[in-house]
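Some notes on the structure that comes next.
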Amino acid sequence: MGIFKKRSVSDLGEKKKDMPEGLWVKCPSCNESLFQEALAKNLRVCTNCGYHFTISSAERIESIVDTGSFVEMDADLDSVDALGFKGYLDKVKAYQKKTGLMEAVVTGRATIESCPALLAIMDFRFLGASMGSVVGEKITRAIEAATAERKAVIVFSASGGARMHEGILSLMQMAKTSGALARHAAAQLPYISVLTHPTTGGVTASFATLGDIIIAEPKCMIGFAGPRVVKETTHADLPPGFQTAEFMLQHGLVDQIVERKDMRSTLGALLKYMTPCGRTQAA
Amino acid sequence: MKQVLEFEKPIVKLQEELEELRRKHAQKPTEKLATQVAGMEGRLADLQKEVYTNLIPWQRVQISRHISRPFMLDYIRLCCEDFVELHGDRHIGDDNAMPAGFATWGGRRVVVVGHQKGRDTKENLLRNFGSAHPEGYRKALRLMRLAEKFQLPIVTLIDTPGAFPGIGAEERNIAEAIAFNLKEMMLLKTPIVAVVIGEGGSGGALGIGIADRVLMMENAYYSVISPEGCAAILWKHREHAPEAAQALKLSAQDLTGLGIVDGIVPEPLGGAHHDHETAAASLKAAVSQALADLENLPVDKLLDQRYEKFRGMGKMA
Chain P
0 MGIFKKRSVS DLGEKKKDMP EGLWVKCPSC NESLFQEALA KNLRVCTNCG YHFTISSAER
60 IESIVDTGSF VEMDADLDSV DALGFKGYLD KVKAYQKKTG LMEAVVTGRA TIESCPALLA
120 IMDFRFLGAS MGSVVGEKIT RAIEAATAER KAVIVFSASG GARMHEGILS LMQMAKTSGA
180 LARHAAAQLP YISVLTHPTT GGVTASFATL GDIIIAEPKC MIGFAGPRVV KETTHADLPP
240 GFQTAEFMLQ HGLVDQIVER KDMRSTLGAL LKYMTPCGRT QAA
Chain X
0 MKQVLEFEKP IVKLQEELEE LRRKHAQKPT EKLATQVAGM EGRLADLQKE VYTNLIPWQR
60 VQISRHISRP FMLDYIRLCC EDFVELHGDR HIGDDNAMPA GFATWGGRRV VVVGHQKGRD
120 TKENLLRNFG SAHPEGYRKA LRLMRLAEKF QLPIVTLIDT PGAFPGIGAE ERNIAEAIAF
180 NLKEMMLLKT PIVAVVIGEG GSGGALGIGI ADRVLMMENA YYSVISPEGC AAILWKHREH
240 APEAAQALKL SAQDLTGLGI VDGIVPEPLG GAHHDHETAA ASLKAAVSQA LADLENLPVD
300 KLLDQRYEKF RGMGKMA
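Protein sequences appear in the order of chains P and X. Last residue of the first sequence? That's 282 in numbering that gives the first Met the number 0, and every number before it is there in order. Last residue of the second sequence? That's 316 in numbering that gives the first Met the number 0, and every number before it is there in order.
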């Protein structure tokens, strides 16, 4: 497959194939049958072709932080139906039951290669990791804690965009998170944004694109408008690889594409340049 | 061409009948005709009041998109003096969907930026239907930074269906252009007043919407997604836009209740498109008042209040 081979959001229909009851799973990219346990051990990256499967927030955290260092914050924040939007809370409850998560982002403190950081990890399995009040609030609190404690922030994004069931309140989470990042940046603290499949809409148009450093996972889809909307609006053929990580790198919009197995060491290396933790180690 | 909205049709019909009656009366005045004219005038006033004071959100959305509604540059012409338009983002190009420049607003020197729509095909080609590209957002920030430098307050006039979802816009990072404005506007050391004058379409609206005072024209809407887009996703069909408009709580009144909007700018009966001058006078006064309220705040306090305003948005348990 070409380097611009693109994943569509519908790939996420893979979810069923992705995390089945069975022992084997088929790679949606190369069709290889993979042993579940081997796939999990390989950070849910296809051992044959390197395809990055969707990963849970828990697996993500385990794959990047120093063992046992993660301490979750604000785990109990729950969504409310502020607009009286029919069926919204039932939906939230169904996803809570299905995923075992309270909401679409997990935040907390950890160290990565001994450097402390505040983390926010979005989990696409929860309502497409759409951003409502709770997602915005948890990310904002993590950023504010980082500012107060003079620490780095690392956000792993994956999102279908703003959560329309919360209407304008969702839109305003873009302002809230970006505002917190403005203060964090003014305090000269580092922010690393990691884009994973897929990062779109209001999340792309707020914290996800504001990193001092922006990293993307291979072949993930990143965009503001959905590709179908772009196609329908412009009546034009989309360029090859449009809205992929590789396309973003080519257009100068991300710093690096980093494979999952190298994420921890990459983050560690960056933090050592951007925070005092590298200096104290050298001393 | 006059655009008549569906719910306005009975009013227009009555207006036409009244015109006819008046014409007859003018040709050959009789007491009977005079009484009929007076009666019909009364009925028309009652009908207008009945229709226009019970507008549902979807009807307001339609008014906010009315082709005869005053657009940004109409308001500039009617509210400002000495507008000096400035162009370009200094990198890629100029964006005619987002005019910006210096202006004098009720005696105050300001920087004004906003979205501009077109009324016909030619204008809409120029203005891209009010959907700005990254260059528009970057030009807006460039001029807002000039405002900060020269200690001029900023007025933004929001009227967009959304930022442009095109190939070039994505290639030049429309998402980042919006995000960067959200971040930078939060720290600009000068008062900002934002007014949604028509359509407040999602991120494209918010991209010039971080402000110390957020006002809305009475018939404007402000929403995370268009009613049609929401209907297409949740009801699987755009025809359900009226229900979606209701559910999204996108009207000025609903948004005031949710603490998103600080004030509603009254429009003439039936909407701003019926009387540009009255609408503009109303906008001019509301913005002037907001600027007056903000101009003496110490900058630290101004920025703290701006941060806390957006920080407090959201509801959870």
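Just so you know, even glycine gets a beta-carbon here, dropped at the ideal spot from N, CA and C.
Asked                                                                                                                         : Found
Of the listed residues P:Cys29, P:Glu36, P:Ala179 and P:Gly99, nearest to P:Ala57 (C-alpha basis)                             : P:Gly99
X:Arg89, buried or exposed, once every other Cβ within 10 Å from all chains shown has been counted against 16                 : exposed
The ligand FAD heavy atom lying under 7 Å from the CB of X:Ser225                                                             : The ligand FAD is not part of the structure shown, which contains no ligands of any sort.
Contacts that P:Val105 makes with chain X (C-beta to C-beta distance below 7 Å)                                               : Residues of chain X passing the Cβ test: none, with the nearest at roughly 16 Å.
Within 8 Å, strictly: CB atoms of P:Phe223 and X:Ala174                                                                       : yes
Contact residues within the stretch 173-199 of chain X, judged by C-beta distance below 9 Å to chain P                        : Ile173, Ala174, Glu175, Ala176, Ile177, Ala178, Phe179, Asn180, Leu181, Lys182, Glu183, Met184, Met185, Leu186 and Gly199
Whole-angstrom distance between X:Gly313 and P:Ile60, CA atom to CA atom                                                      : 27 Å
Contact with chain X by P:Ala215, beta-carbon distance below 8 Å                                                              : no
The stretch 288-303 of chain X in contact with the stretch 179-195 of chain X per 3-pair CB rule at 8 Å                       : yes
Rounded distance between the beta-carbons of X:Ser222 and X:Leu249, thought under 8 Å                                         : 4 Å
The stretch 91-106 of chain X contacting the stretch 136-143 of chain X, beta-carbon criterion three pairs below 8 Å          : yes
Contact the stretch 164-179 of chain X vs the stretch 219-235 of chain X: 3+ CB pairs below 8 Å                               : no
Minimum Cβ-Cβ distance from P:Leu248 to chain X less than 8 Å                                                                 : no
Whether X:Gly129 touches X:Lys116 by CB criterion (8 Å)                                                                       : yes
Segment contact flag, the stretch 133-143 of chain P with the stretch 162-180 of chain P, C-beta cutoff 8 Å, min 3 pairs      : yes
Contact check, X:Pro265 vs X:Ser281, beta carbons under 8 Å                                                                   : yes
Separation of P:Asp75 from P:Thr106, as counted between CA atoms                                                              : 11 Å
Sequence-distant residues of the same chain with beta carbon closer than 8 Å to X:Ala146, five excluded per side              : Val109, Val110, Pro152, Ile153, Leu187 and Thr189
Cβ neighbour criterion (16 or more within 10 Å) applied to P:Gly260                                                           : For the sequence presented, residue 260 of chain P should be read as Lys rather than Gly. Looking at its Cβ environment, which holds fewer than 16 other Cβ atoms inside 10 Å, P:Lys260 is exposed.
Complete runs of the beta strand (DSSP E) confined to the stretch 189-265 of chain P [at least 3 residues]                    : 190-198 and 212-215
is_contact[P:Ala204, chain X] using C-beta, thresh 8 Å                                                                        : yes
Contact set between the stretch 237-265 of chain X and chain P, restricted to residues whose Cβ is under 8 Å from the partner : Ala246, Leu247, Lys248, Leu249, Leu254, Leu257 and Ile259
Cβ distance (whole Å) where X:Ile91 is taken to contact P:Ala235 below 8 Å                                                    : Not a contact, Cβ separation roughly 19 Å.
Cβ of X:Tyr221 within 8 Å of any chain P Cβ                                                                                   : yes
X:Glu272 vs X:Arg68 beta-carbon contact at 8 Å                                                                                : It is worth fixing the name first, because residue 272 of chain X is His in this sequence and not Glu. In this structure, X:Arg68 lies closer than 8 Å to X:His272 by Cβ.
Straight-line gap, P:Gly277 to P:Ile111 (C-alpha atoms, nearest Å)                                                            : 12 Å
Backbone CA spacing between X:Phe149 and X:Met143 [nearest angstrom]                                                          : 10 Å
Assigned secondary structure, X:Gly197 (DSSP; H/G/I helix, E/B strand, else coil)                                             : strand
Minimum Cβ-Cβ distance from X:Met324 to chain P less than 8 Å                                                                 : Summary: the structure shown does not reach residue 324 of chain X, with chain X confined to residues 0 through 316, and so no result is reported for it.
X:Val84, DSSP secondary structure in three states                                                                             : The sequence given here has Glu at residue 84 of chain X, not Val. Strand at X:Glu84.
Reduced DSSP category for P:Thr53 - H, G, I as helix; E, B as strand; rest coil                                               : coil
For X:Leu156, the first and last residue of its enclosing alpha helix (DSSP H)                                                : First-last for X:Leu156: Ile153 to Thr159, but that is the beta strand (DSSP E), not the alpha helix (DSSP H).
Start-end ranges of the beta strand (DSSP E) lying completely within the stretch 214-298 of chain X, minimum 3 residues       : 220-222 and 262-264
X:Trp234 versus X:Ala243 - alpha carbon distance                                                                              : 9 Å
Collapsed DSSP secondary structure at P:Leu118 in the structure displayed                                                     : strand
Of the residues P:Thr203, P:Ala186, P:Leu209 and P:Gln255, the one placed nearest P:Lys218, counting alpha carbons only       : P:Gln255
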